[in-house]
Each structure stands twice: as C-alpha cells, then as structure tokens.
Amino acid sequence: MYRLARQRLRRLLDLQHRHLMRNSAMGVEKESLRVAQGGSIAQTPHPERLGSALTHPWITTDFAEALVEFITPPLNRVRDVLDFLRDTQQYVYRCLEDEFLWATSMPCVVDGETSIPIARYGSSNSGRMKHIYRRGLGYRHGRTMQVIAGVHFNYSFPPEFWPIYAELEG
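Using numbering that gives the first Met the number 0, the letters of the sequence shown correspond one by one to residues 0 to 169.
Laid out in structure tokens, this is it:
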C-alpha cells in the first residue's frame, strides 16, 4: 500500500505539479484536559467565557466536560495553523480560573470512572444527541479511555488537484 502511494506521489512531483501541494489546506484538532490545582480532572462545567461547546467553531469539548478541543480552520501554511492554535490556547488560558491544561495525551489523576463528567451541550436536540452518544462511548469503552487526548491533522488537496490525479490514474 505504501509503495503504491509513493509511486503516485512521485508521478505527481515528476510531472511538475508541486504547486498543487502549496495550495492545499490543512488544520489541526488538539485536545487537552482541564485540570484542577491538585492535578485531577476539573469538575467544573465548560467555562462560559469560552462560548458554547455546541456551537463555537474553534473551542469545544470532546468526550468529557473537561476535555477541551481546539480546532483550527483550514489554512494554507503550517505557520498559520500553528499561530492560530497558539493564539487560541493562549486565549483559553486567560479564561481559565484556577485550572490548567494538561500537556500530555495520557490523562491526569483519575479517581474512578465517575470522576470524569461527560460533556454537556445543552437541552437542544443536537446537544442532547451529542451527550447521549458520549454516554454510549463511556459504557462501551470506559470513560478513562475516552479522555486520552490526541491531535488530529487534517489535509485537503485543492480542487484543481483532482482532475490531474484522475488523469494520472487513467
């Protein structure tokens, strides 16, 4: 599989289509746990100062109420993605009161499954569906497994890439 992917990429680059890579869009989704002063998962709700976890485009929650997710928009330069992520994280830090963001992917001190509050998104149908979905994840996989924080990298080729790719594939 990797050999085939390398061959296809090499053909694109050999045909002088590198400019297509420069017009690609990329983004990041990064999760961090909010933790209390003592190093355990924050038991407080998603801070109101951060906006609605259901509707905010850049700051939301993932599985747990304390699992903040930072989302960058699709951007064309890595530097712009990193700057946006940095600025968003700095804003969140300014809004937190007596809490910190846990820096590693493995969770902080967890005092049992019930010490991990599942994210709440309000009483609207979509908000209730998101909460119920997360309850199901907790039952199936355990809450502790769901608060392992991750980073997701999203990459999109520009529209003009696809006709060239289709032609190469024949």
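Every residue gets a Cβ at the ideal spot worked out from N, C-alpha and C, and that includes glycine.
Closer than 7 Å: residue i CB and nearest the ligand PLP heavy atom
i, result
"residue 138", "Absence of the ligand PLP is noted for the structure shown, with no ligands found whatsoever."
C-beta contact flag for residue i and residue j at 8 Å
i, j, result
"residue 66", "residue 95", "no"
"residue 108", "residue 25", "no"
"residue 151", "residue 28", "yes"
"residue 112", "residue 142", "yes"
"residue 61", "residue 98", "no"
"residue 63", "residue 117", "yes"
"residue 58", "residue 91", "yes"
"residue 104", "residue 137", "no"
"residue 157", "residue 39", "no"
Burial state of residue i, where buried means 16 or more other Cβ atoms lie within 10 Å
i, result
"residue 131", "exposed"
"residue 165", "exposed"
"residue 191", "Nothing about residue 191 can be read from this structure; the chain reaches only from 0 to 169."
"residue 77", "exposed"
"residue 168", "exposed"
"residue 84", "buried"
"residue 102", "exposed"
"residue 44", "exposed"
"residue 100", "buried"
"residue 68", "buried"
"residue 106", "buried"
"residue 154", "exposed"
Which residues DSSP lists as bridging residue i, in chain order
i, result
"residue 117", "63"
"residue 100", "33"
"residue 1", "Answer is none; residue 1 lacks a bridge partner."
"residue 155", "24"
"residue 108", "39"
"residue 150", "29"
Are there three or more Cβ pairs, one per stretch, closer than 8 Å when the region 43-60 is compared with the region 5-25? Because the criterion of three Cβ pairs below 8 Å is not met, the region 43-60 and the region 5-25 do not touch.
Three Cβ pairs or more, each shorter than 8 Å: is that satisfied between the region 122-138 and the region 67-74? Contact fails: fewer than three Cβ-Cβ distances are below 8 Å.
Jot down the residue ranges of each uninterrupted beta strand (DSSP E) in the region 10-75, minimum 3 residues, whole runs only, in chain order. Complete beta strand (DSSP E) runs here, min 3: 24-35, 58-60 and 66-70.
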